[in-house]
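Chemist: Residue numbers for the sequence shown follow my numbering, so the first one is 51 and each next one is one higher.
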Amino acid sequence: MTDMTPAQMRARAESDLRPLGDERLKLNARLAEIDAEIEPLVLRARQVEVTEERIRQLTGISRGKIRKMEGKAPK
51 MTDMTPAQMR
61 ARAESDLRPL
71 GDERLKLNAR
81 LAEIDAEIEP
91 LVLRARQVEV
101 TEERIRQLTG
111 ISRGKIRKME
121 GKAPK
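1) What's the gap between the Cα of residue 119 and the Cα of residue 53?
2) With DSSP as the reference, label residue 119 as helix, strand or coil.
3) Relative to the C-alpha of residue 92, which residue among 55, 113, 66, 57 is closest?
4) When you compare only the Cα positions, how much space is there between residue 71 and residue 79?
5) Buried or exposed for residue 84, please, with buried defined as at least 16 other CB atoms from any protein chain shown within 10 angstroms of its CB.
6) In the DSSP assignment, find the unbroken alpha helix (DSSP H) run with residue 71 in it and report its ends.
What follows is the structure, encoded as structure tokens:
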């Protein structure tokens, strides 16, 4: 195995991270778009007494995030 300098090892590590990192960043951006679309639906479901647990089962949204959505909703 060839000896690598610390700079080369860092460059290799960054190169190894880049493909999956790029994919993850794209997925996070899409998830943010979906969250913006689903928030009014979650709020409507809560208004008609769909439980947090049921919403979590249907959407994968945590109870904490559901509560956060409700907390910023206009009353």
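From the three backbone atoms N, C-alpha and C, an ideal C-beta is built for every residue, glycine too.
Modeler: On the basis of the supplied data:
1) Going by the C-alpha atoms only, they are around 52 Å apart.
2) In this structure, residue 119 counts as helix in the three-state DSSP scheme.
3) Nearest of 55, 113, 66, 57 to residue 92, Cα basis: 113.
4) Taking the Cα positions, residue 71 is about 12 Å away from residue 79.
5) It counts as exposed.
6) Residue 71 -> alpha helix (DSSP H) spans 56-97.
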